[in-house]
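Just below is one structure, and these are the notes that go with it.
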Amino acid sequence: MENYKEKANNIINFYMFANKLKYKIRTGWIEIGIKKERLESVAEHIYGTLILAIAIDSEYTLNLDMFKVLKILTLHELEEILMKDYTIRDNISAEQKIENGKKIVHKVTASLIKQNEIEELLNEFNKQKSKESIFCYHIDKIECDFQAKIYDLDNVMDFNETRKDIKFYVDRAKQIDRIAKNASDFWIEFDKPKYDDDIIFKELIEKIQIL
1 MENYKEKANN
11 IINFYMFANK
21 LKYKIRTGWI
31 EIGIKKERLE
41 SVAEHIYGTL
51 ILAIAIDSEY
61 TLNLDMFKVL
71 KILTLHELEE
81 ILMKDYTIRD
91 NISAEQKIEN
101 GKKIVHKVTA
111 SLIKQNEIEE
121 LLNEFNKQKS
131 KESIFCYHID
141 KIECDFQAKI
151 YDLDNVMDFN
161 ETRKDIKFYV
171 DRAKQIDRIA
181 KNASDFWIEF
191 DKPKYDDDII
201 FKELIEKIQI
211 L
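Listed below in structure tokens is the structure:
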């Protein structure tokens, strides 16, 4: 017989953790001083990735497991419930961030029967081997670029503050600095090579940049 009381507690415990993402503001927007009363939360970023995935799936034949894609995108920021929303300015390695994130995901999903399934989905996302995980990675990145462009169009993204990030771009710093005409161009130009292997995202980022 199903233990309904225990299962209800499992759901509530997990949701109480996940609910925190509604109120956690994306660090990048704070660091570059977006001049807006209300900034994007982590949960809103997740919503943005889901909407983009649905729109892309509508327009292209992707041959992907879209249920898996939507689950990964829904869960991919769970680590930020208890971990800093790291940006390029933190100078933390990808490997260390992944390790820190795994520990947190294990903690926040501890009440769920399908904990292993969730952890495996996020491991798949981090490994970037499957078609679905690569698609999710591109969605995660381009949503940030899209939001940057929206802030730029709203005239709340400071050119000089965003330009400070070029010191982290190493061998591409001078090239990006020369090309950038708007604040969001610094982020978009930095991310562009990440989309070179996918014509859909390559076309999309070009269109976003000239909005």
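98 is the number that the working numbering gives to position 98 of the sequence shown; each next residue is one higher, with no gaps. Glycine included, C-beta positions come from ideal geometry on N, C-alpha and C. No experiment lies behind these values; they were computed from the predicted model shown.
Compare the C-alpha of Glu-124 against each of Glu-117, Ser-133, Asn-116 and name the closest.
-> For Glu-124, the closest alpha carbon among the candidates Glu-117, Ser-133, Asn-116 is that of Ser-133.
Where Thr-109 and Ile-81 are concerned, what is the direct C-alpha to C-alpha distance, given to the nearest angstrom?
-> 11 Å
Would you kindly work out how many angstroms separate the C-alpha atoms of Ala-43 and Lys-20, rounded to a whole number?
-> Spanning the two alpha carbons is a distance of roughly 9 Å.
Based on the DSSP secondary-structure assignment, which residues constitute the bridge partners of Ile-98?
-> Beta-bridge pairing links Ile-98 to no other residue.
Tyr-23 burial status per 10 Å Cβ neighbour count (16 or more: buried) | Here Tyr-23 is exposed, its C-beta having fewer than 16 other C-beta atoms within 10 Å.
Do you know how far the Cα of Gly-101 is from the Cα of Asn-63?
-> C-alpha separation (whole angstroms): 29 Å.
Cβ pair count under 8 Å reaching 3, the stretch 148-157 against the stretch 177-195 | yes
Report the residue ranges of all alpha helix (DSSP H) runs contained in full by the stretch 91-167; include only those spanning at least 4 residues, in chain order.
-> 94-108, 115-127, 131-153, 159-163
Among Ile-46, Arg-163, Arg-89, Phe-190, nearest to Asp-171 - alpha-carbon criterion | Phe-190
In whole angstroms, what separates the C-alpha of Lys-167 from that of Ile-56?
-> 33 Å
Less than 8 Å separating the beta-carbons of Ile-70 and Leu-50?
-> With the sequence shown as reference, residue 70 is identified as Leu, and Ile is not the correct amino acid for it. Against a cut-off of 8 Å, the Cβ pair of Leu-50 and Leu-70 comes out as a contact.
Tyr-47 - containing alpha helix (DSSP H), residue span | 42-59
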